[in-house]
Structures are given as structure tokens and as C-alpha cells.
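In our numbering, the protein residues as written are 95 to 631.
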């Protein structure tokens, strides 16, 4: 590696180690010699100057912490000598310009998607089963077993096949040869989700869950749905129907709803559900992929298992992607509000008007207050894995995470449960928690989710493909079964951020057309965890 150190922004006063710098080792950076006072592991930060207690620590051009102990030039930045600190914000005070990228390469490109009557276009064709309340989870699990075993035998689980080979004392290949290679349906996926909500909590949680589930039905990746209700729960059928009607007044998707307490016996309900759903699934299977402009894509932007390289390789590569799709008239969604702490002012100044900026700040303050009221704070956001790999304050983590949103104007700000409608970059209020965030992104309309990771994360989603982009090559070599794209080539100098971003755009087009499959989908990593914001009663 030619350079061991890098400065992300000219305003910074810390340097990022691209490789381990041993204690006492002298490294030259921009004509200056830096002697490591301590071991500085790759991904961690080295002080560019001497710091006194109270001095500002700058990275990505913003305040990311304050020194709480004296720090010598060449010393590693740690949780012991630096504490979280971010800039104070008040409101939109500027309008930031945008250098619109050249998108001639993609402006006439199309993808092969599933067209819906409301004008949306999906990247998948899914029939979705879900409950309105956790009391129906077991019945959803039973339906999953029935439909997956009988309707889609081609989806045989490799681990079941392995166990059967042990039981029968045969090779895996011999067992596989005995399985039927025919299937009834080849243009539809059948997916199942359950959850722990719908009753027992405050009514607002059930109403929020109704919006989220309505978002999943409204997502163009879904052809239709089968919904199970018990009958007495907080999340009544009418609440769900109203949420769906408000979100999509002209929707003509088939949504089959069954209330167990009205139907009677489990056997009677199952026969109705299976018969009706199978007929509806066969109709949905007739929908074929057709060409669609790239402006019909909705891209969710997420990071999880982040490391010290995420903000300088994978995340800014997603920023390139976001800007390209914004320029093409597509929709992109930046979420994880706790991981936007410290960059609020820049994001507010990127909002297209003061109303959007004020909504963003209001949601941020309300979120942070709820965290403080619970006895914590945004400063507790970095996980042990984040800290171990160089992200030692929330503001530092946030400044790198925000790079996923590129530089385009922010056209809308949405609270959790709201659905995107405006082309361009949108902000969505979600937790930083990987599962809750991805669940929310898809509920807001994302038809593809881009998920950067430095430590590795296998998580996927039931109805939207989740693309894993690694920030470093080491995790790709260690966990190749869960990583789709390697942005670690930026760190090694093999590719530029622009080149990796363009590579991701081309991958998205193939993915949206059904030509490739994400590792998360291969592994059936269908994770659905709604954000529960209230207490239990």
C-alpha cells in the first residue's frame, strides 16, 4: 500500500490509518513526518496535532468530538481521550448547490420490472402473507410450511438436504437427484412475515404498525397479500384498510383478509385461506417483467456493522449512486436518524425549503429526547463492534454514515410509516438498528436496499433485495457468502469511489431485472422487525 494515512477533509485534524502503524513507526503524509506515539490500527484515527482537553476533534470537515485528555501528535484517538460532541443547530440558514452528475451513460437504460396499476414498478413479484397481530404468528408459520413445501419445491433448503443425506447415509448429490425438479409457479415468490405487535402496547404503536404493513402491501415488489386477523386486537382490520387506502387510494391489488374469531375453527379458516390464496397467487404469477425507465427505481440507503473505512469507501460510493439516481429522476432514501447526529446543519441546508428542514430538526429533537428520557443518548449509539473498528463517537459515525446520501437536494422528510412520493433524495426517520431501519425503508417504498458493512451482516428482507457492499476487502475474503460488492478496492487504491459507485448502479439494473440474486436472498435472510416506539400496557 503506497500510503498508510489519509485525511478525509482538508478541515480535519485527525488522520485515518489505512494500515496498521506500529508504535514508534514514522510515516510521511503530505510532506510531514508522523511518528506513532501508540499503535494505530487500520481504520483508527491518529492525531495530526497536539490536543489539549476541550479542543475540537474534526473529521469529515465537521465536529465529531472533544478531547477530554491531552493527546499528542501521532497518538491514537480512543474512547478514553475523546468524547462525543456535535455542532449546535437552529434552522436552515443556507441553500447548498448541487453539481448534477453526468448520467448520459444511463439516461436511456431500462430495467425489466413488474408494472403495477398505480404506476409504480417493482423489482420482484411477491405474494405476501402476514398477521395483523402476534396471536396469528403460528398460523402464518403453518401456512409458510404448507406453501413452501407444496407450492415451491424448487426452493429446497440445502441444510435440510444435508441432514437427509446423513439420515439416509447417502451423498448430498444422491439426495438432490431424488427431488422433483418441476414447480407450479415460476414468476412469483411467496413470502411470510410475522411480528410481535398489533396488541398489548399503546394504540399508537398499532396504528404505526398498520402504516408499515400498508407500506409493504403498497410496495410495487408486492403483487398481493394474504392477511390474518384474530379479531379482538388493537390493530383492527379497518385500521389497516384505512392506512392502505390513505397511502394508495387507487390500489387494485388483491388483499385477502381473514378474521379467525369470525370464521370459527382453525381447519375452516385454513381451507379458505389456502384455496383463495392459491388462486390469487396463480393470477399474480401471470404478471410478466416489462421494460421500465430507471426513474421508477426506489433505492434505500443503509449501513450496518460499520467500521472505520465505511465512511471513506462504501458509504461515499453509495453517495455516488444516490446522486446518479436523483439525477435520473429516481427516488433514494437516507434513514437512521441517530446516525445523522452532528451533520444536521448540512442536511437542513440541503432541504429544498425551510418546512422540510424544520420537520427534520423536529423529528431529530423528538427522537433524541425520547432516548434521553429512557436514560441514554445518541452518544451511546456506536456499538462495541463500531468502536473496536475505529468509530468512537456518534458524531464520527454519523458524519461517515451521512455520506450515503451524496450531495443532492433533500426533496422530502418522512416520519416512520410514511411513504415516499417525490423523486430525488428523501430522509426517513428510523432507528440506526439495522433490522428496524431496513424494515422501515422497504415499508416506505424502497424496491432495492443498498447496505454497506465493514464487519459483515447477513440480514435481508422478505420483499426487497438487500445488496451488501463491503467497506474493506478483508471482510469480503472472510465472509464471501454474504457480500455482493467489494468497495474495499477504494482503500487499496484499485478503484476510485466514482468507479465503485458506477459499478453498483450497473449491478442494481441487473438485480432489478432479475438477472442476479443477492447473497441475502440466496440465504433466505428474510428479516422483518418493526420499530416499537411506545411502552407495553
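Beta carbons: idealized from backbone N, C-alpha and C, even for Gly.
Does the beta-carbon distance from residue i to residue j come in below 8 Å?
{"i": "residue 523", "j": "residue 431", "result": "yes"}
{"i": "residue 407", "j": "residue 565", "result": "yes"}
{"i": "residue 492", "j": "residue 548", "result": "no"}
{"i": "residue 390", "j": "residue 514", "result": "no"}
{"i": "residue 304", "j": "residue 222", "result": "no"}
{"i": "residue 487", "j": "residue 476", "result": "yes"}
{"i": "residue 576", "j": "residue 584", "result": "no"}
{"i": "residue 136", "j": "residue 112", "result": "yes"}
{"i": "residue 110", "j": "residue 133", "result": "no"}
{"i": "residue 215", "j": "residue 489", "result": "no"}
{"i": "residue 307", "j": "residue 228", "result": "no"}
{"i": "residue 485", "j": "residue 203", "result": "no"}
{"i": "residue 614", "j": "residue 186", "result": "no"}
{"i": "residue 535", "j": "residue 429", "result": "yes"}
{"i": "residue 240", "j": "residue 368", "result": "yes"}
{"i": "residue 508", "j": "residue 395", "result": "no"}
Whole angstroms are fine: how far does the CA of residue j sit from the CA of residue i?
{"i": "residue 249", "j": "residue 130", "result": "Residue confidence is low: residue 249 scores 49 on pLDDT, short of 50, so the model does not pin down where it sits. No coordinate-derived value is stated."}
{"i": "residue 276", "j": "residue 245", "result": "For residue 276, the predicted model reports a pLDDT of 48, less than 50, meaning its position is unreliable; a value from the coordinates is still stated below. Rounded to the nearest angstrom, the two C-alpha atoms are 10 Å apart."}
{"i": "residue 146", "j": "residue 596", "result": "43 Å"}
{"i": "residue 567", "j": "residue 347", "result": "43 Å"}
{"i": "residue 606", "j": "residue 121", "result": "45 Å"}
{"i": "residue 124", "j": "residue 165", "result": "21 Å"}
{"i": "residue 189", "j": "residue 456", "result": "19 Å"}
{"i": "residue 626", "j": "residue 242", "result": "29 Å"}
{"i": "residue 168", "j": "residue 582", "result": "25 Å"}
{"i": "residue 361", "j": "residue 528", "result": "38 Å"}
{"i": "residue 555", "j": "residue 143", "result": "45 Å"}
{"i": "residue 238", "j": "residue 324", "result": "18 Å"}
{"i": "residue 516", "j": "residue 444", "result": "15 Å"}
{"i": "residue 418", "j": "residue 497", "result": "14 Å"}
{"i": "residue 355", "j": "residue 335", "result": "18 Å"}
{"i": "residue 107", "j": "residue 589", "result": "26 Å"}
{"i": "residue 433", "j": "residue 573", "result": "25 Å"}
{"i": "residue 173", "j": "residue 495", "result": "19 Å"}
{"i": "residue 280", "j": "residue 610", "result": "16 Å"}
{"i": "residue 220", "j": "residue 349", "result": "13 Å"}
{"i": "residue 208", "j": "residue 161", "result": "53 Å"}
{"i": "residue 332", "j": "residue 449", "result": "32 Å"}
{"i": "residue 290", "j": "residue 482", "result": "32 Å"}
{"i": "residue 620", "j": "residue 363", "result": "26 Å"}
{"i": "residue 213", "j": "residue 140", "result": "51 Å"}
{"i": "residue 200", "j": "residue 258", "result": "48 Å"}
{"i": "residue 197", "j": "residue 393", "result": "17 Å"}
When DSSP labels each residue in this structure, what does residue i get in the three-state scheme?
{"i": "residue 341", "result": "helix"}
{"i": "residue 514", "result": "coil"}
{"i": "residue 427", "result": "strand"}
{"i": "residue 369", "result": "helix"}
{"i": "residue 656", "result": "Past the boundaries of the shown model lies residue 656; the chain is included only from 95 to 631, so the question cannot be answered."}
{"i": "residue 349", "result": "strand"}
{"i": "residue 154", "result": "coil"}
{"i": "residue 117", "result": "coil"}
{"i": "residue 551", "result": "coil"}
{"i": "residue 237", "result": "helix"}
{"i": "residue 276", "result": "Note that residue 276 has pLDDT 48, beneath the 50 cutoff, so the model's placement of it is unreliable and the number below is only indicative. If DSSP states are grouped into helix, strand and coil, residue 276 belongs with coil."}
{"i": "residue 326", "result": "coil"}
{"i": "residue 531", "result": "helix"}
{"i": "residue 249", "result": "The predicted model places residue 249 with a pLDDT of 49, which falls under 50 and marks its position as unreliable, so this point remains unresolved."}
{"i": "residue 110", "result": "strand"}
{"i": "residue 622", "result": "coil"}
{"i": "residue 95", "result": "The pLDDT assigned to residue 95 is 49, lower than 50, so where the model puts this residue is not dependable; a value taken from the coordinates is nonetheless given after this. The answer is coil: DSSP assigns residue 95 none of H, G, I, E or B."}
{"i": "residue 101", "result": "coil"}
{"i": "residue 398", "result": "coil"}
Can we count residue i as close to the ligand COA, meaning its CB is less than 7 Å from some heavy atom?
{"i": "residue 579", "result": "Of the ligands one can find in the structure shown there are none, so the ligand COA has no counterpart to examine."}
Original post:
How do the segment 310-329 and the segment 534-541 stand: do at least 3 beta-carbon pairs fall below 8 Å, yes or no?
Top reply: In the pairwise beta carbon analysis, the segment 310-329 is classified as touching the segment 534-541: at least three pairs are separated by under 8 Å.
Original post:
Is the segment 174-183 in contact with the segment 391-408, if contact means three or more CB pairs nearer than 8 Å?
Top reply: Here the segment 174-183 makes no contact with the segment 391-408; the two share fewer than three CB pairs at distances below 8 Å.
**OP:** Kindly confirm or deny that the segment 362-379 and the segment 146-161 touch, where touching means at least three C-beta pairs closer than 8 Å.
**Re:** no
**OP:** Kindly confirm or deny that the segment 265-272 and the segment 597-617 touch, where touching means at least three C-beta pairs closer than 8 Å.
**Re:** Not touching, per the Cβ criterion.
Subject >> Whole beta strand (DSSP E) elements within the segment 465-494, 3-residue minimum >> reply: Within the segment 465-494, no beta strand (DSSP E) run of at least 3 residues lies entirely inside it.
Subject >> Sequence ranges, beta strand (DSSP E) only - wholly within the segment 553-617, length at least 3 >> reply: 560-564, all fully within the segment 553-617.
**OP:** Could you tell me which uninterrupted alpha helix (DSSP H) segments, each at least 4 residues in length, are contained entirely in the segment 401-460, listed from first to last along the chain?
**Re:** 408-422, 438-444
Subject >> Cβ contact (3+ pairs, closer than 8 Å) linking the segment 458-469 and the segment 155-168 >> reply: no
Original post:
Looking at C-beta atoms only, is the number of pairs between the segment 321-334 and the segment 282-302 that lie closer than 8 Å three or more?
Top reply: yes
Original post:
Looking at C-beta atoms only, is the number of pairs between the segment 405-423 and the segment 483-503 that lie closer than 8 Å three or more?
Top reply: Here the segment 405-423 makes contact with the segment 483-503; the two share three or more CB pairs at distances below 8 Å.
Subject >> Entirely enclosed alpha helix (DSSP H) segments - the segment 125-206, minimum 4 residues >> reply: Note on the segment 125-206: there is no whole alpha helix (DSSP H) run with a minimum of 4 residues.
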